[in-house]
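Engineer:
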Amino acid sequence: MTEKTAASVLLLNLPPSTLCGIDLLSFTTSPRFHGIKNLPPGWHFVFTGLTSSLSLRHGAWFYVPGTPDGPPELFVKKWDPAREELVDETDEAAQLRWRANLGSIWSEGLSPYRQSATSNGEAEEETDDWRQLTSHITPTQLTRIAGNTPNHWALTSASAAARDIELIPGLSVSESGGAVDKELLFLPVDLKQTWRAGATGRERTEAAQDRSWALSELVRAHCSAGGEKEVLGELQFTFLMVLTLNNYSCLEQWKRLLSLLLTCRSAVVSNPQLFVRAVVVLRLQLEHSADIEGGLFDLSEDGAALLKGLLRRFRAGLEGVSGDGKGEVLDELDALEAWLRAEQGWEIGGEFVRRGMLELEDGERVEIEVGGFEAEDESGEYAPAVVELTSEQARALGEVSGALSGDEEKEETRRFAEDEDERDLEDMDDRY
1 MTEKTAASVL
11 LLNLPPSTLC
21 GIDLLSFTTS
31 PRFHGIKNLP
41 PGWHFVFTGL
51 TSSLSLRHGA
61 WFYVPGTPDG
71 PPELFVKKWD
81 PAREELVDET
91 DEAAQLRWRA
101 NLGSIWSEGL
111 SPYRQSATSN
121 GEAEEETDDW
131 RQLTSHITPT
141 QLTRIAGNTP
151 NHWALTSASA
161 AARDIELIPG
171 LSVSESGGAV
181 DKELLFLPVD
191 LKQTWRAGAT
201 GRERTEAAQD
211 RSWALSELVR
221 AHCSAGGEKE
231 VLGELQFTFL
241 MVLTLNNYSC
251 LEQWKRLLSL
261 LLTCRSAVVS
271 NPQLFVRAVV
281 VLRLQLEHSA
291 DIEGGLFDLS
301 EDGAALLKGL
311 LRRFRAGLEG
321 VSGDGKGEVL
331 DELDALEAWL
341 RAEQGWEIGG
351 EFVRRGMLEL
361 EDGERVEIEV
371 GGFEAEDESG
381 EYAPAVVELT
391 SEQARALGEV
401 SGALSGDEEK
411 EETRRFAEDE
421 DERDLEDMDD
431 RY
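432 is the number that UniProt numbering gives the last residue of the sequence shown; the numbers go up by one with no jumps.
(1) Tell me whether R83 is buried or exposed, calling it buried when 16 or more other Cβ atoms sit within 10 Å of its Cβ.
(2) When the Cα atoms are used, what is the spatial distance from W43 to Q253?
(3) Return the chain-ordered list of same chain residues with a C-beta closer than 6 Å to the C-beta of E230, the five sequence neighbours on each side being excluded.
(4) Please list the terminal residues of the continuous beta strand (DSSP E) segment that includes C20.
(5) Throw me the rounded Cβ distance for the K77 and D88 pair, which I believe falls under 8 Å.
(6) Would you mind sorting N247 into buried or exposed? The rule is 16 or more other CB atoms within 10 Å of its CB.
(7) Only counting the same chain, and skipping five residues up and downstream in sequence, which positions put a Cβ closer than 6 Å to that of L311?
(8) Buried or exposed for N13, going by 16 or more other Cβ atoms inside 10 Å?
(9) Which term fits G406, buried or exposed, when burial requires 16 or more other beta carbons within 10 angstroms of its beta carbon?
(10) Per DSSP, what are the beta-bridge partners of W130 in this structure?
(11) Would DSSP call residue 519 helix, strand or coil?
(12) Report buried or exposed for W308, applying the criterion of at least 16 other Cβ atoms within 10 angstroms of its Cβ.
(13) Could you tell me whether the region 189-202 touches the region 100-107, using the rule of 3 or more Cβ pairs below 8 Å?
(14) In the DSSP assignment, the beta strand (DSSP E) including G226 goes from what residue to what residue?
(15) Alpha carbon to alpha carbon, how far is F75 from V9?
(16) Taking L218 as the reference, give the member of D210, E228 and Q209 with the closest Cα.
(17) Cβ of L19 within 8 Å of Cβ of T51?
(18) Alpha carbon to alpha carbon, how far is R131 from Q285? Give it in angstroms, no decimals.
(19) What's the gap between the Cα of R265 and the Cα of V281?
(20) Can you give me the C-alpha to C-alpha distance between L260 and R211, rounded to a whole angstrom?
(21) I'd like to confirm something about L235: is its beta-carbon nearer than 7 Å to some heavy atom of the ligand SAH, or not?
(22) Please say whether S157 and F33 have beta carbons closer to each other than 8 Å?
(23) Determine whether the beta carbon atoms of Y113 and L39 lie at a separation below 8 Å.
(24) Hey, would you say L336 sits closer than 8 Å to R283, going by beta carbons?
(25) Just tell me which of S104, P272, G66 and P81 has its CA closest to the CA of G35.
(26) In three-state terms, what does DSSP make of D324?
(27) Looking at the secondary structure, which residues open and close the alpha helix (DSSP H) in which V189 lies?
(28) Quick check: the region 55-67 against the region 147-165, are at least 3 beta-carbon pairs closer than 8 Å?
(29) When you compare only the Cα positions, how much space is there between D190 and A208?
(30) Can you grab the Cα-Cα spacing for the pair V276 / S135, in whole Å?
(31) Which residues share a DSSP beta bridge with F27?
(32) Between S17, L25, P71 and L133, which has its C-alpha nearest A278's C-alpha?
(33) With burial defined as no fewer than 16 other Cβ atoms inside 10 Å of the residue's Cβ, what is the status of Q236: buried or exposed?
(34) Which residues mark the beginning and the end of the alpha helix (DSSP H) in which W254 is found?
(35) Is the distance from the Cβ of L318 to the Cβ of V329 below 8 Å?
(36) Excluding the five sequence neighbours on either side, which residues of its own chain have a C-beta within less than 7 Å of the C-beta of E108, listed in chain order?
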């Protein structure tokens with residue numbers, strides 16, 4: 001491909017030896033570096049940081065349409081030293097000047113998109129992986145999250161949703177507010193209230209155990225443009241922003257979305273293809289989790305307790321439902337668990353020996369107990385609790401007698417144990 005046929009992105013005025021990346025590729029720039037050429041059609045994300053360490057990084061999304069007619073796409077981004085950020089070149093005269101001079105920097109000033117691949121097969125695989133990792137992202141979604149700046153939807157490592165600002169590790173509340181350069185408008189996932197307003201008793205309990213209503217209400221109220229695809233698109237967006245920018249708020253939203261999707265039951269029957277696609281997306285993301293600096297979480301250790309618990313809960317929920325699409329969801333879940341078992345040594349389903357004797361190398365025998373199953377067993381801190389209700393509370397729950405029976409009370413109070421997901425949310429944040 002030549003400058004007359006291939007799309008390119010210019011990254012101008014970058015400081016010497018700057019970390020630069022596009023999609024799944026990253027490298028350190030040289031003095032003659034001006035950008036990247038031979039971009040395939042589809043979504044792309046360029047990012048830069050002053051160092052390769054966990055410093056503040058800046059990035060921007062843009063889209064290559066790949067239309068056969070007309071001149072090739074040229075995207076011009078530049079580093080603004082005064083504002084210390086990556087900005088879009090909006091001056092039309094400057095854009096025309098760079099397009100006219102593209103031939104002079106094509107050979108030595110622009111790096112090929114697939115330069116890091118050692119073979120054509122690996123190059124195709126990298127490109128295909130990125131295409132799948134961005135398959136549900138849309139311009140409407142990026143505009144909602146990052147603002148209306150077409151082909152320069154920008155954000156940084158410090159961009160955050162309002163709900164996460166006070167939680168940014170290493171910063172006080174006042175510092176967090178000053179560090180956040182852009183508010184990210186994520187889908188409002190509320191895992192603490194997954195039932196309709198006015199619901200009581202059994203309805204609340206069932207909605208806490210099966211979050212299908214919360215998912216459908218989220219799609220109905222906030223995804224009018226793309227429907228359920230927006231949920232999957234945001235799952236992809238947040239993961240990739242952790243992958244490239246180490247964005248903390250995106251990690252939190254990624255966990256919230258997974259916690260919502262993998263605790264649904266009835267929605268699997270009514271909309272199985274959504275969950276087939278969600279499991280496929282998750283598997284590909286986990287295959288690339290090692291690419292994240294410091295690791296999204298250690299898949300071979302207890303750092304992935306949240307994900308392990310969610311997958312066990314999802315499988316247990318599938319066992320209690322029936323429908324034509326359930327088998328396809330189970331097939332994808334089996335494939336995901338097989339990969340985790342082969343690559344990470346995980347055992348998600350089945351029965352386990354939780355307590356037993358272990359013989360050490362010196363012959364000593366010690367008794368061990370495997371933890372981490374309390375949530376599934378509803379034991380330990382996750383066990384249901386009996387709560388005394390006042391007469392007013394009982395009447396509010398619709399009880400004529402003024403008190404709940406033992407079985408009903410146990411069922412009602414079970415919801416107080418349903419926040420095991422929330423207790424585990426910090427397990428995957430150790431790298432921060």
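Ideal Cβ positions, reconstructed from N, Cα and C, are used throughout, including at glycine.
Structural biologist: So, to answer that:
(1) exposed
(2) W43 and Q253: Cα-Cα distance of roughly 21 Å.
(3) Around E230: Q141 and C223.
(4) L19 to I22
(5) 6 Å
(6) buried
(7) I348
(8) Its Cβ having fewer than 16 others within 10 Å, N13 is exposed.
(9) Confidence at G406 is low in this model, with a pLDDT of 47, below 50, so the placement of that residue should be treated as unreliable; the coordinate-derived value is given next. If you draw a 10 Å sphere on the C-beta of G406, you find fewer than 16 other C-beta atoms in it, and that means exposed.
(10) Paired residues: none, contrary to the question.
(11) Because the chain is modelled from 1 through 432, residue 519 falls outside the range shown and cannot be assessed.
(12) The sequence as given places Lys at residue 308; Trp does not occur at that position. Per the 10 Å Cβ criterion, buried.
(13) Too few Cβ pairs lie closer than 8 Å, so no.
(14) G226 -> no beta strand (DSSP E), and no H or E assigned at all.
(15) 5 Å
(16) That would be E228, whose Cα lies nearest to the Cα of L218.
(17) yes
(18) 12 Å
(19) 19 Å
(20) 7 Å
(21) The ligand SAH is not part of the structure shown, which contains no ligands of any sort.
(22) no
(23) yes
(24) yes
(25) S104
(26) The three-state secondary structure of D324, taken from DSSP, is coil.
(27) Unbroken run through V189: none, as it is neither H nor E.
(28) yes
(29) 11 Å
(30) 14 Å
(31) Listed as beta-bridge partners of F27 by DSSP are C20.
(32) L133
(33) buried
(34) Y248 to L261
(35) yes
(36) R32
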